[in-house]
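Sequences listed follow chains C and B, in order.
Going by the working numbering, the residue at position 285 of the first sequence is 1166; the numbering climbs one at a time, nothing skipped.
Going by the working numbering, the residue at position 172 of the second sequence is 175; the numbering climbs one at a time, nothing skipped.
Think of the CB as a built atom: it goes at the ideal place given N, C-alpha and C, for glycine as much as any other residue.
All of these numbers come straight from a predicted model, not from anything done at the bench.
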Amino acid sequence: MSVSTKILEEVVIKFAGDSGDGMQLTGSQFTNNTALIGNDLSTFPDFPAEIRAPQGTVPGVSGYQLHFSSKRIFTPGDNCDVLVAMNAAALKVNLKSLKQGGIIIANIEGFDSKNLRLANYPEGVNPLEDGSLNGYELYKVDVTKMTREALKEIQMGVKEKDRAKNMFVLGFVYWLYNRDLNSTIAFLNDKFGKKKDILDSNLKALQAGYNYGDTVEAFTARYIVEKAKLPAGSYRSITGNVACTYGLIAAAQKSGLPLFLGSYPITPASDILHELARYKNFGIRTFQAEDEIAAITSAIGASYGGSLGVTTTSGPGMALKAEAMGLAVMLEIPLIIINIQRGGPSTGLPTKTEQSDLLQAYYGRNGECPMPIISASMPSDCFDAVYEAARISVQHMTPVIFLSDGYIANGAEPWRYPQEADLAPIEVSFQAARAETDPKFMPYKRDEKLARPWAIPGTAGLEHRIGGLEKEDITGNISYEAENHEHMVKTRQAKVDMIANYIPLQTLDSGPDSGDILVLGWGSTYGAIKSAVLDLQAQGKSVAHAHLRYLRPFPRNLGEMLAKYKKVLIPEINNGQLVKIIRDQFMIDAIPYNKIKGVPITRTELVNVISELL
Amino acid sequence: MSDVATLEPNQAAPALTAKDFVTDQEVRWCPGCGDYSILKQVQTILPQTGIPRENIVIISGIGCSSRFPYYMNTFGMHSIHGRATAVASGLKASRPDLSVWVVTGDGDGLSIGGNHTIHLLRRNFDINILLFNNQIYGLTKGQYSPTSEEHKITKSTPMGSIDHPFNPMALAMGADATFLARSMDRDPKHLQAMLLRSNAHKGASFLEIYQNCNIFNDGAFEIYTEKSSKPEEVIFLEHGLPLIFGTNKDKGIKLDGYKPEIVNLADGHSASDLWIHDEKDFFKAQILSRMFDNPAIAGHFPRPFGVFYETERSTYEDQMKMQIDEALAKKGKGDLNALLQGKETWVIE
Chain C
882 MSVSTKILEE VVIKFAGDSG DGMQLTGSQF TNNTALIGND LSTFPDFPAE IRAPQGTVPG
942 VSGYQLHFSS KRIFTPGDNC DVLVAMNAAA LKVNLKSLKQ GGIIIANIEG FDSKNLRLAN
1002 YPEGVNPLED GSLNGYELYK VDVTKMTREA LKEIQMGVKE KDRAKNMFVL GFVYWLYNRD
1062 LNSTIAFLND KFGKKKDILD SNLKALQAGY NYGDTVEAFT ARYIVEKAKL PAGSYRSITG
1122 NVACTYGLIA AAQKSGLPLF LGSYPITPAS DILHELARYK NFGIRTFQAE DEIAAITSAI
1182 GASYGGSLGV TTTSGPGMAL KAEAMGLAVM LEIPLIIINI QRGGPSTGLP TKTEQSDLLQ
1242 AYYGRNGECP MPIISASMPS DCFDAVYEAA RISVQHMTPV IFLSDGYIAN GAEPWRYPQE
1302 ADLAPIEVSF QAARAETDPK FMPYKRDEKL ARPWAIPGTA GLEHRIGGLE KEDITGNISY
1362 EAENHEHMVK TRQAKVDMIA NYIPLQTLDS GPDSGDILVL GWGSTYGAIK SAVLDLQAQG
1422 KSVAHAHLRY LRPFPRNLGE MLAKYKKVLI PEINNGQLVK IIRDQFMIDA IPYNKIKGVP
1482 ITRTELVNVI SELL
Chain B
4 MSDVATLEPN QAAPALTAKD FVTDQEVRWC PGCGDYSILK QVQTILPQTG IPRENIVIIS
64 GIGCSSRFPY YMNTFGMHSI HGRATAVASG LKASRPDLSV WVVTGDGDGL SIGGNHTIHL
124 LRRNFDINIL LFNNQIYGLT KGQYSPTSEE HKITKSTPMG SIDHPFNPMA LAMGADATFL
184 ARSMDRDPKH LQAMLLRSNA HKGASFLEIY QNCNIFNDGA FEIYTEKSSK PEEVIFLEHG
244 LPLIFGTNKD KGIKLDGYKP EIVNLADGHS ASDLWIHDEK DFFKAQILSR MFDNPAIAGH
304 FPRPFGVFYE TERSTYEDQM KMQIDEALAK KGKGDLNALL QGKETWVIE
């Protein structure tokens, strides 16, 4: 039987298995390889909160979805073309998202009676054998047996050998999509170079999987997805959290400020701490604090001393930091608070995505306590958005909240990375030393942006006291005076509002500048909204898309823009938050579309929602 | 990236005096409060340290004691309840050149901020913690604190407190503090000496200061501060000297194994039989920290004042700096372009 090679425009593949099966690694390796051949891509890792949930069960399933294409894509895909199922539970969880006629690659051993029972299949039912998968292209592969066979000459226990199963699968999928193995071979050498047995077993399993595709005659076709026509330039693959890390480092470099991160580990934000901790040669100080409160207050201490102070967290940690954010607002010093949102309330859904902390970011503090809020829309956009958050923070002397979420934090895409020289400089200066004969230093005297001076300890003549008590205007002394308090509340608000004069006007992502519907989004819904709106525009529908990076203050022209459409639809992965703020500020009857299932909104469902409104 | 610019002490500048550390703000503690004395002693000793005023930062939390920075003409931050130690940690980590002081109280430092206090101590930041212990909540008008004695009647404990109090010295000892000392508001000379010792110590210094709240807990430490009872109730620790106390200097502490006992020098015991204080002795410091008897109980030990323990351990900020230096030596100065590019790239024409 000859094997033909077919060219496809796009593929959505999902690697799914038990959380101990190494599916995240397999997925990310395939992603790197895909990026290197120049496909456009978007990924969606989806894993349980437990490190090792009960083996073989439905809650223990870990998945990694990858969408790759020779054209531009913006989402990890609504449905899969290919499902790799390492066990029965993985099939059970993911079959509903597999397209009719799609390919299933099933690991036979994962469908033994024990695994079938753990996945809650009825006694005696095996989906691989009962014909229930007849509508799909099913390949049953004895991954475990063949992996053990390939590693028979290596002296290690069966349990250790079985850990290389994922490399067998990866090797096979590389064969299926006509790839070479070099990127993964290099990765394995890098990772296991010093542990020869583990390195050998992984390399051998990878090669065995590839060879299996070549020798077994079950597969009639291999596939090629050609290079995507992305804008010219140099690319790399990047996840949101890594992009966020780089954005912070770049902002520190371009502002000349030392970077200090105070952080307490929390899913899905910890990767930023891990990543920043690696770059001490950039002068970065990372401090794993004893709790969320110490994380933010240590960053406040560092900012006060003249560092670019940053704290990273997720929803529950934001709740704990609220009082300290108020202090930073009162002190009027720079601080970046990064919230990688996850499902809430309380501990909620730690590994699932949600956009449900917007109202918390807006209002979740005591007193009148306004802070700018910036959000990122795609993994690579985390770089630009956090860079902008840093610029606003140091130039306007204010804490800034940066909102990302689990979906874009862990998701990957190609990134046309910038050169240092391309990045806008971040100008910042400290208050200069004062001689005895100079006028008295006034710590709350403001510039044209209403920003006060950044007067750091160690500067002669600037000795002054600040704190959480209300300040007297200009002098910064404690003041309980009625008129002064009202003036200061209004001034702090005006300072944040005035940032609107220093950010770009809102632009449309696509569509007519007036018409039937404007779909207004923020954050990680970008890809789904963009794809859905482009589909409808191709059908001749009067639909436009605007996506907000600046959530507080809004761009100056937003109200004007919203007024030009008959309807404004706001899709969010929450119970309706931006929609409340938009209604409040612009008095328009914006329409919410909400999904609160811990997963992104899909293109298909948005196309349906928008169509119903047309 | 450069570290934040710091100024070298100006050697030519005239020597500072206590007055140079006074601010134009009206001091608003209650008349008669023990805080006045502590403020005065701090203002008195700072010129002796030779640290330029602009390099001194005093960070406080919330409570009566935490108003302290407003009255000190240095850099200062009156932060939020319990968090002064954490703010100070971030400042010191990023600015090791500064002289950082934390002013806190028994509520701020041991209750709402207890967590940060113990973590600062174990990390050993070179920060001086001044814990004003008045065994009461003053600013909130008289509730019991984590150092209040059992059965204390306060506004929130009309039938008496059922909380067992903290022993601050034992707590700090348990957190592996590298410098522990106790002093009192009403003994200016001793307090000045202890403040200077705290400042001289490289590493986290924990100085507990017994401070009288004359409004809500007046006389809490009277037995240790009044001339009539002080000689019998207080034992001043001095390195290398025997533990002797008493109006006639006729009593001492002797160690029977690990058990301290009070002996009368008139009964044939000589000074050479006594416990000789050794600030470097970790185990004896534990025993000292446990000499914490209720003075109402007959046969109780006198309360030790002075330096309980001092040891050397690398500070957090020095180790942090060493790791940065090591990374720089190994990898060279960070190259942003190389970072952004990463290892695996491709080009679209």
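Quick check: is the beta carbon of C:Y1243 nearer than 8 Å to any beta carbon in chain B?
Against the first sequence, residue 1243 of chain C aligns to sequence position 362. Chain B contact via Cβ: absent.
By DSSP's criteria, C:S1144 is part of a beta bridge. Which residues make up the other side?
Numbered from its first residue, the first sequence carries residue 1144 of chain C at position 263. C:Q1169, C:T1193.
Spatial neighbours of C:L1439 in its chain, beta-carbon cut-off 6 Å, leaving aside the 5 residues before and after:
In the first sequence, counting from the first residue as 1, residue 1439 of chain C sits at position 558. Here the set comprises Q1387.
Suppose you measure from the CA of C:K1447 to the CA of C:I1398; what does that come to, to the nearest Å? Here residue 1447 of chain C is taken as the residue at index 566 of the first sequence, counted from 1. Here residue 1398 of chain C is taken as the residue at index 517 of the first sequence, counted from 1. Cα to Cα, the separation comes out at about 6 Å.
Would B:Q344 pass as an interface residue toward chain C - the criterion being a Cβ-Cβ separation below 8 Å? Walking along the second sequence from the start, residue 344 of chain B turns up at place 341. Yes, because at least one Cβ of chain C sits closer than 8 Å to the Cβ of B:Q344.
Review point. Of all the beta strand (DSSP E) runs that stay within the bounds of the segment 1243-1329 of chain C, which reach a length of 3 or more residues?
Key: 1254-1256, 1280-1286, 1293-1297
Determine the extent of the alpha helix (DSSP H) in which C:W1056 is found, giving its start and end residues.
In the first sequence, counting from the first residue as 1, residue 1056 of chain C sits at position 175. Where C:W1056 is concerned, the enclosing alpha helix (DSSP H) stretches over 1046-1057.
Query raised in the report: Going by beta carbon distance, what residues of the same chain come within less than 6 Å of B:H194, once the five residues before and after it are set aside?
Result: In the second sequence, the residue the question calls residue 194 of chain B occupies position 191. His is not the amino acid found at residue 194 of chain B; the sequence shown has Leu there. Counting only Cβ-Cβ distances below 6 Å, and skipping sequence neighbours, we find Q44, S186.
**Prompt:** Can you name the residues of chain B whose CB is closer than 7 Å to the CB of C:K1161?
**Reply:** Along the first sequence, read from residue 1 onward, the residue named residue 1161 of chain C stands at position 280. Within chain B, the residues near C:K1161 are Q326, I327, A330.
Are the beta-carbon atoms of B:I238 and B:P305 separated by less than 8 Å?
Here the question's residue 238 of chain B lines up with position 235 in the second sequence. Here the question's residue 305 of chain B lines up with position 302 in the second sequence. Their beta carbons are under 8 Å apart, which means B:I238 touches B:P305 by this criterion.
### Query
Do the segment 1379-1395 of chain C and the segment 1358-1371 of chain C touch if we need at least three Cβ pairs shorter than 8 Å?
no
- prompt: What do you get for C:S1136, buried or exposed, if any count of 16 or more other CB atoms within 10 angstroms of its CB means buried?
  reply: Against the first sequence, residue 1136 of chain C aligns to sequence position 255. By the neighbour-count rule (16 or more Cβ atoms within 10 Å), C:S1136 is buried.
**Study point:** Own chain, CB closer than 8 Å to B:A8, minus 5 neighbours either side, in chain order
**Key:** For the purposes of this step, residue 8 of chain B is taken as residue 5 along the second sequence, with counting starting at 1. For B:A8, the predicted model reports a pLDDT of 46, less than 50, meaning its position is unreliable; a value from the coordinates is still stated below. Excluding positions up to five away in sequence, the list is empty.
Worksheet item: Mind checking C:L1495: buried by the 16 CB within 10 Å criterion, or exposed?
Response: Position 614 of the first sequence, counted from the first residue, corresponds to residue 1495 of chain C. By the 10 Å Cβ count, C:L1495 comes out exposed.
- request: Measure from the C-beta of C:F1168 to each C-beta in chain B and report whether the shortest distance is under 8 Å.
  value: Numbered from its first residue, the first sequence carries residue 1168 of chain C at position 287. Closer than 8 Å to some Cβ of chain B, the Cβ of C:F1168 qualifies, so yes.
query = Quick one: Cα of C:A1316 to Cα of C:A1341, how far?
reply = Residue 1316 of chain C sits at position 435 when you count from the first residue of the first sequence. Residue 1341 of chain C sits at position 460 when you count from the first residue of the first sequence. The alpha-carbon atoms of C:A1316 and C:A1341 are separated by roughly 8 Å.
Residue of C:S1082, C:I1147, C:D899 minimising C-alpha distance to C:G1287: By one-based count along the first sequence, residue 1287 of chain C stands at place 406. Nearest C-alpha to C:G1287: C:I1147.
ask   = In whole angstroms, what is the alpha-carbon distance linking C:L1140 and C:Y1160?
value = One-based indexing of the first sequence puts residue 1140 of chain C at position 259. One-based indexing of the first sequence puts residue 1160 of chain C at position 279. Between C:L1140 and C:Y1160, the C-alpha separation is close to 11 Å.
- So what does B:V25 bridge to, in DSSP terms? What you label residue 25 of chain B is simply residue 22 of the second sequence in a count that begins at 1. According to DSSP, which records beta bridges pairwise, B:V25 is partnered with B:M75.
*With 16 other Cβ atoms within 10 Å as the buried cut-off, status of B:M325*: Residue numbering aside, residue 325 of chain B sits at position 322 when the second sequence is read from its first letter. Answer is exposed; the Cβ neighbour count stays below 16.
Using the rule of at least 16 other Cβ atoms within 10 Å of the residue's Cβ for burial, across every protein chain shown, is B:M162 buried or exposed?
For the purposes of this step, residue 162 of chain B is taken as residue 159 along the second sequence, with counting starting at 1. With fewer than 16 Cβ atoms within 10 Å of its Cβ, B:M162 is classed as exposed.
Bounding residues of the alpha helix (DSSP H) (the contiguous stretch that carries C:L972): What you label residue 972 of chain C is simply residue 91 of the first sequence in a count that begins at 1. Start and end: 969-975.
- List the residues of chain C that B:P72 touches, going by C-beta distances under 8 Å, in chain order. Mapped onto the second sequence, residue 72 of chain B falls at position 69. Under the 8 Å cutoff, chain C gives R1346, G1348.
task = Just the chain B side, please: which residues come within less than 7 Å of C:G1114 by C-beta, in chain order?
result = As a position in the first sequence, residue 1114 of chain C is number 233, starting the count at 1. Correct list: I351.
Sequence-distant residues of the same chain with beta carbon closer than 6 Å to C:K1021, five excluded per side: Residue 1021 of chain C sits at position 140 when you count from the first residue of the first sequence. Counting only Cβ-Cβ distances below 6 Å, and skipping sequence neighbours, we find A987, I989, L1009.
Euclidean distance between Cα positions of C:Q1134 and B:G110: Within the first sequence, residue 1134 of chain C is the residue found at index 253, counting from 1. Within the second sequence, residue 110 of chain B is the residue found at index 107, counting from 1. If you take the alpha carbons of C:Q1134 and B:G110, they lie about 41 Å apart.
* In three-state terms, what does DSSP make of B:D281? -> Translated into the one-based positions of the second sequence, residue 281 of chain B becomes position 278. In this structure, B:D281 counts as coil in the three-state DSSP scheme.
Tell me, please, which residues DSSP counts as bridged to B:K208. Within the second sequence, the letter at position 205 stands for residue 208 of chain B. Reading off the sequence shown, one finds Ser at residue 208 of chain B, where the question assumed Lys. Partner(s): B:N131, B:F182.
(request) List the residues that DSSP assigns as beta-bridge partners of C:C961. (result) In the first sequence, the residue the question calls residue 961 of chain C occupies position 80. Bridge partners of C:C961: C:L979.
Strand pairing of C:E1018, partner residues [DSSP]
Walking along the first sequence from the start, residue 1018 of chain C turns up at place 137. C:I984.
Inset, instruction - Check each residue of the segment 1222-1242 of chain C: if its Cβ is closer than 9 Å to any Cβ of chain B, include it; give the result in chain order. - result: none
| query | Counting pairs of beta carbons, one from the segment 1212-1229 of chain C and one from the segment 1166-1185 of chain C, are three or more of them closer than 8 Å? | reply | yes
Please list the segments of the beta strand (DSSP E) lying wholly inside the segment 82-153 of chain B, counting only runs of 3 or more residues, in order along the chain. 102-108, 130-136
| message | Can you look up C:R1223 in the DSSP assignment and give me helix, strand or coil? | response | As a position in the first sequence, residue 1223 of chain C is number 342, starting the count at 1. Note: C:R1223 maps to coil in three-state DSSP.
Rounded to the nearest angstrom, what separates B:I290 and B:A96 at their Cα positions?
Within the second sequence, numbered from 1, the residue matching residue 290 of chain B stands at position 287. Within the second sequence, numbered from 1, the residue matching residue 96 of chain B stands at position 93. Rounded to whole angstroms, B:I290 to B:A96 spans 33 Å at the Cα level.
Please report the Cβ distance between B:C33 and B:N267, rounded to the nearest whole angstrom; I am assuming they are in contact, meaning their Cβ atoms lie under 8 Å.
Position 30 of the second sequence, counted from the start, is the residue given in the question as residue 33 of chain B. Position 264 of the second sequence, counted from the start, is the residue given in the question as residue 267 of chain B. Not quite, the Cβ-Cβ distance comes to about 42 Å (not below 8 Å), so this is no contact.
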